[in-house]
Amino acid sequence: MIFRPFLAVLLFAGLASASDWPQFRGLNASGVSDETGLPTTWSDKDNVKWKADLPGRSVSSPIVVGKKVFVTSASGPRFERLHALCLDADTGKVLWHRQLAATGNTACHPKSSMAAPTPCANADGVYFLFATADLAAFDFDGNLKWYRSLTGDYPDISNQVGMAASPVIWKDSLIVPMDNVGDSFLAAVDTSYGTNIWKVPRPKEINWVTPTLRPVGDKAQIVFSSMKEAIAYDAADGKKAWSVATPGAGVPTAILHGDNVLVPSGGGLMSLKPEGTSMAEAWKSPKLATGYTSPLVYRDRVYGVVGAGNFVCSDTKTGRQIWSERIGKGTSKFWASPVAADGHLFAFDDGGNCTVLKAGDEPKIVATNDLKAEIMGTAAIANGSLYIPTVNGLYCISAKR
Amino acid sequence: MRLAFIALVLTTAGSASAANLAETQRVLARIKAVSKDGAGNQEAGAAWKELVTHGADAIIPTLTAMHDASPAAANWLRAAVNAIVEKEKAGGRKLPSDDLLAFLKETRNDPAARRLAYEVLVEIDPKTPDRLLPGLLDDPSNELRRDAVAAALTKAEKLTGDAAKTEYTRLLAVVRDEDQANTIATTLAKLGAKPNLKTHFGIINRWMLAGPFDGTKGIGFDTAYEPEQKVDLSATYKGKGDAEVKWIPHTAELEPKEEKAEKDEVAKAAVENVGMVNLNKALAKYKDAVAYAYTVIESDKERPAEIRFGCINAIKVFVNGKEVFAREEYHHGMRFDQYVGKGTLKAGKNEILVKVVQNDQKDPWAQVWQFQLRVSDATGGALPVKEALQTN
Chain A
1 MIFRPFLAVL
11 LFAGLASASD
21 WPQFRGLNAS
31 GVSDETGLPT
41 TWSDKDNVKW
51 KADLPGRSVS
61 SPIVVGKKVF
71 VTSASGPRFE
81 RLHALCLDAD
91 TGKVLWHRQL
101 AATGNTACHP
111 KSSMAAPTPC
121 ANADGVYFLF
131 ATADLAAFDF
141 DGNLKWYRSL
151 TGDYPDISNQ
161 VGMAASPVIW
171 KDSLIVPMDN
181 VGDSFLAAVD
191 TSYGTNIWKV
201 PRPKEINWVT
211 PTLRPVGDKA
221 QIVFSSMKEA
231 IAYDAADGKK
241 AWSVATPGAG
251 VPTAILHGDN
261 VLVPSGGGLM
271 SLKPEGTSMA
281 EAWKSPKLAT
291 GYTSPLVYRD
301 RVYGVVGAGN
311 FVCSDTKTGR
321 QIWSERIGKG
331 TSKFWASPVA
341 ADGHLFAFDD
351 GGNCTVLKAG
361 DEPKIVATND
371 LKAEIMGTAA
381 IANGSLYIPT
391 VNGLYCISAK
401 R
Chain B
402 MRLAFIALVL
412 TTAGSASAAN
422 LAETQRVLAR
432 IKAVSKDGAG
442 NQEAGAAWKE
452 LVTHGADAII
462 PTLTAMHDAS
472 PAAANWLRAA
482 VNAIVEKEKA
492 GGRKLPSDDL
502 LAFLKETRND
512 PAARRLAYEV
522 LVEIDPKTPD
532 RLLPGLLDDP
542 SNELRRDAVA
552 AALTKAEKLT
562 GDAAKTEYTR
572 LLAVVRDEDQ
582 ANTIATTLAK
592 LGAKPNLKTH
602 FGIINRWMLA
612 GPFDGTKGIG
622 FDTAYEPEQK
632 VDLSATYKGK
642 GDAEVKWIPH
652 TAELEPKEEK
662 AEKDEVAKAA
672 VENVGMVNLN
682 KALAKYKDAV
692 AYAYTVIESD
702 KERPAEIRFG
712 CINAIKVFVN
722 GKEVFAREEY
732 HHGMRFDQYV
742 GKGTLKAGKN
752 EILVKVVQND
762 QKDPWAQVWQ
772 FQLRVSDATG
782 GALPVKEALQ
792 TN
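In the order they appear, the protein sequences are chains A and B. Using my numbering, read the first sequence as starting at 1 and increasing by one per residue. Using my numbering, read the second sequence as starting at 402 and increasing by one per residue.
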């Protein structure tokens, strides 16, 4: 079953199929898929339908549209070469590969890469944003629709830790988050030709949060949180709709639950409910820490996993903790966000382990699967498969050959 | 009669080729017209698609067009070459390897375009690196130079004794990337040589320093304190807390200290630390503070120069009184050649003034106050200039 807000967002993005995984964490960053028949056990050899090697290093996530998978990577001693690739979803064969030279800053945290933001897609094409603020749009056959050097346009863009927030799509607008200490902004860019529809200034602070689209009638709000507040902008014109002061988290993305918005906040999670034209706190759970990962709502439960690997399950209505389970292995940390499908939760650590848990009110670990490779990006689910990114490759995990 | 027919065919072919080339040039011009905020994208998108249909014949004109293209336009062109090559290969058509080789060998062509030509040649023949890289060690394209050095380093691993020392010394002379330079310098040190990374990279380590000036409430970056208006090494200023500030000489260390040698081992070379000006040590630890560093270099003639530097604090750099770089960002990381300011050195003495601003963050990881600076040519090689600072 697809929740109503997700269906609305599907229409906003102009996509043909709910089975696609068209942006960071799938439909509106939910991290949830309707796919079934997914394997719960695998290794670097078992249940591997294919594996594709990527040039350089990538911490972004794959997206899937139909039978095509889109990934990014960055290579070179300073990540100065940017790669946009399209792979066959069934075979992993590279269908096309386009390269760009970085035109912006390439400095970043040692764990990151210039391929940190995840691409997104609508019915007309795929939109690749890199941490260098290079932004390119291709059609599904690899034809360049348009390209912009945002650092060329706005030379004061600066984030020496490396940017990672991903763009999202509302109707014909590509929503581009560019929070940084220099020319900091949120912009809506025309998906057809890449020109600005609107551009609003943002606080001059670094921030890695991917915006969330919140359907409101036939309109939408862009919910965006930073270290000091959760704020919503009207997707049509960029005007502020509401804001709630809350100590933010700087990395994880807010998600929707019905009409509520769940915002990572001050090391925990806050649920905001509609109140007139604004939002107000419904509940707050300090225990629902999500660290660098984004929260996950699945079957009326909200889950979070922190860096060291404490997996928490809470009630979506109250935030009351139902259970917590330590799933971390050794010194591995959780950077990738958990995803859910087919009754299971999948949580990936940077040591290459994926802990598979059964969704529900008891902490039940089904399996721990080791790909023996560094995992930083969030997995995609489509075509009856898990597409699991490692920093230099992509695994298609499927029970079907 | 037969001769006349051949001549007619050749003339016709030549005309068609010239017409195609002219059309390709028209399409390229539409792509190169892209400008700020996506202006020209609509026309460029249509032109890009058309350019790709021109096939292999469009590869060299597209590479050539990168020469004076903006960085944004160059990326449109790069992606077009990718697409053309993919389609020609998929169609089983021949790519212009001779023309690509000639384009690569002409070092006046755009460095990035030459590297792209090289990549296509490698796709055509995977043995291309073995054939070409030994001749590209001193190439003006840093990407090609890096490939050539990497290949040479792999071969050098098998050398020992004087042969190794000779080869690594040869490679140090051409290397531009700090990771490769560190590898080479460390190996040379282990072989008993004394590699000089300061000289190799043109790192400046002799400075006059003045500070701290009061930057309370974040005013430091935008406030032009007296040294910024005029450098007078004999002047006395009112500094932070009304303390007297004078210019003091400072010589930054050249031996990396962070990389400790294990017993009986040679320290790992780390150019990232050579000539680091640690203001917390040279002045004292201050927050909300501004320091200036001043030096003089002498050039035998007017020449373009790149001022390359790393700094974890907000920084402004001036060459002969002209600002060549400004960035207000604090404690988000520092690395070798992090920033590049471009300027022109005049014949004779040239003044470099650096303003380094420390903010008020209390976090333990936000206490560093330092910079490292060098002067180089466009490839990152040291310029033939002399440090000419008089500290007396």
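Even glycine gets a Cβ: it sits at the ideal position worked out from N, Cα and C. Keep in mind that this is a model prediction, so the values were computed, not measured.
Please state the DSSP three-state secondary structure of residue i.
{"i": "Met163(A)", "result": "coil"}
{"i": "Ser418(B)", "result": "helix"}
{"i": "Pro274(A)", "result": "strand"}
{"i": "Pro497(B)", "result": "coil"}
{"i": "Thr413(B)", "result": "Low per-residue confidence applies at Thr413(B): pLDDT is 37, beneath 50, and the placement is therefore not dependable, though the value from the model is reported in the following sentence. The answer is helix: DSSP assigns Thr413(B) an H, G or I state."}
{"i": "Thr637(B)", "result": "strand"}
{"i": "Pro472(B)", "result": "helix"}
{"i": "Asp139(A)", "result": "coil"}
{"i": "Tyr303(A)", "result": "strand"}
{"i": "Trp449(B)", "result": "helix"}
{"i": "Val64(A)", "result": "strand"}
{"i": "Val786(B)", "result": "strand"}
{"i": "Thr425(B)", "result": "helix"}
{"i": "Leu288(A)", "result": "coil"}
{"i": "Leu791(B)", "result": "Note that residue 791(B) corresponds to Gln in the displayed sequence, not to Leu. Coil."}
{"i": "Ile620(B)", "result": "coil"}
{"i": "Val776(B)", "result": "strand"}
{"i": "His601(B)", "result": "helix"}
Should residue i be labelled buried (16 or more other beta-carbon atoms within 10 Å of its own) or exposed?
{"i": "Pro22(A)", "result": "buried"}
{"i": "Ala420(B)", "result": "exposed"}
{"i": "Glu568(B)", "result": "buried"}
{"i": "Arg709(B)", "result": "buried"}
{"i": "Leu409(B)", "result": "Residue placement at Leu409(B) is flagged as unreliable, the pLDDT there being 35, under the threshold of 50; the coordinate-derived value follows with that caveat. Exposed."}
{"i": "Ile620(B)", "result": "exposed"}
{"i": "Glu362(A)", "result": "exposed"}
{"i": "Asn597(B)", "result": "exposed"}
{"i": "Thr240(A)", "result": "The identity of residue 240(A) in the sequence shown is Lys, whereas the question assumes Thr. Label assigned to Lys240(A): exposed."}
{"i": "Thr508(B)", "result": "exposed"}
{"i": "Lys358(A)", "result": "exposed"}
{"i": "His601(B)", "result": "buried"}
{"i": "Ala564(B)", "result": "exposed"}
{"i": "His651(B)", "result": "buried"}
{"i": "Ser43(A)", "result": "exposed"}
{"i": "Trp766(B)", "result": "exposed"}
{"i": "Gly603(B)", "result": "buried"}
{"i": "Ser75(A)", "result": "buried"}
{"i": "Arg405(A)", "result": "For residue 405(A) there is no data in the structure shown, the boundaries of chain A being 1 and 401."}
{"i": "Ser184(A)", "result": "buried"}
Could you give the C-beta distance for residue i and residue j, rounded to a whole number, given that I count them as a contact under 8 Å?
{"i": "Trp332(A)", "j": "Thr378(A)", "result": "The identity of residue 332(A) in the sequence shown is Ser, whereas the question assumes Trp. Their Cβ separation, rounded to whole angstroms, is 16 Å, which puts Ser332(A) and Thr378(A) out of contact at 8 Å."}
{"i": "Asn28(A)", "j": "Thr212(A)", "result": "6 Å"}
{"i": "Arg532(B)", "j": "Arg577(B)", "result": "In fact, because the Cβ distance is near 22 Å, the residues do not count as touching under 8 Å."}
{"i": "Ile375(A)", "j": "Asn47(A)", "result": "The pair is not a contact, with the Cβ atoms about 16 Å apart (cut-off 8 Å)."}
{"i": "Ile157(A)", "j": "Ala133(A)", "result": "5 Å"}
{"i": "Gly142(A)", "j": "Ala473(B)", "result": "Between Ala473(B) and Gly142(A) the Cβ distance is about 19 Å, and since that is not below 8 Å, they are no contact."}
{"i": "Val312(A)", "j": "Lys287(A)", "result": "6 Å"}
Is it a yes or a no for the stretch 95–105 of chain A touching the stretch 29–38 of chain A, going by three-plus beta-carbon pairs under 8 Å? no
*Assess, as a yes-or-no matter, whether the stretch 165–179 of chain A is touched by the stretch 119–128 of chain A under the definition of 3 or more beta carbon pairs within less than 8 Å.*
The answer is yes - the stretch 165–179 of chain A touches the stretch 119–128 of chain A, with three or more Cβ pairs under 8 Å.
Check your understanding: Between the stretch 51–67 of chain A and the stretch 318–330 of chain A, do three or more beta carbon pairs fall short of 8 Å?
Key -> no
Whether or not the stretch 105–119 of chain A and the stretch 155–167 of chain A are in contact is what I'm after, with contact meaning three or more pairs of Cβ atoms, one per stretch, closer than 8 Å; do they touch? yes
Could you please tell me which residues of the stretch 50–78 of chain A, in chain order, have their CB closer than 7 Å to any CB of chain B? Pro77
field: Cβ contact (3+ pairs, closer than 8 Å) linking the stretch 456–467 of chain B and the stretch 487–505 of chain B
entry: yes
Self-check item: Within 8 Å of chain A by C-beta, residues of the stretch 450–479 of chain B in sequence order
Solution: The stretch 450–479 of chain B vs chain A, Cβ under 8 Å: Lys450, Val453, Ser471, Pro472, Ala473, Ala475, Asn476, Trp477 and Arg479.
Note down, in chain order, all residues in the stretch 560–578 of chain B with a beta-carbon under 7 Å from any beta-carbon belonging to chain A. Asp578
Discussion item. For the pair the stretch 690–700 of chain B and the stretch 611–625 of chain B, tell me if three or more CB-CB distances fall below 8 Å.
Written reply: yes
Task: Given 8 Å, three or more beta-carbon pairs between the stretch 133–144 of chain A and the stretch 187–198 of chain A - done: yes
Cβ pair count under 8 Å reaching 3, the stretch 142–158 of chain A against the stretch 423–441 of chain B:
yes
Checklist entry - Does the stretch 724–733 of chain B come close enough to the stretch 637–647 of chain B that 3 or more CB-CB pairs lie under 8 Å? => result Result no; under three Cβ-Cβ pairs closer than 8 Å.
Margin query: Using a Cβ distance threshold of 8 Å, determine whether the stretch 198–205 of chain A contacts the stretch 227–237 of chain A, with at least three qualifying pairs required.
Written below: yes
**Prompt:** When Cβ atoms are compared, which residues of the stretch 419–441 of chain B fall closer than 7 Å to chain A?
**Reply:** Only those residues of the stretch 419–441 of chain B whose C-beta falls short of 7 Å from the nearest C-beta of chain A are listed: Lys437, Asp438 and Gly439.
Pull out every residue of the stretch 20–48 of chain A whose Cβ sits closer than 8 Å to any Cβ of chain B, in chain order.
So the list is empty, because no residue satisfies the distance condition.
Please name the residues in the stretch 97–108 of chain A whose beta-carbon is closer than 7 Å to at least one beta-carbon of chain B, in chain order.
Answer set for the stretch 97–108 of chain A: His97, Arg98, Gln99, Leu100, Ala101, Thr103 and Ala107.
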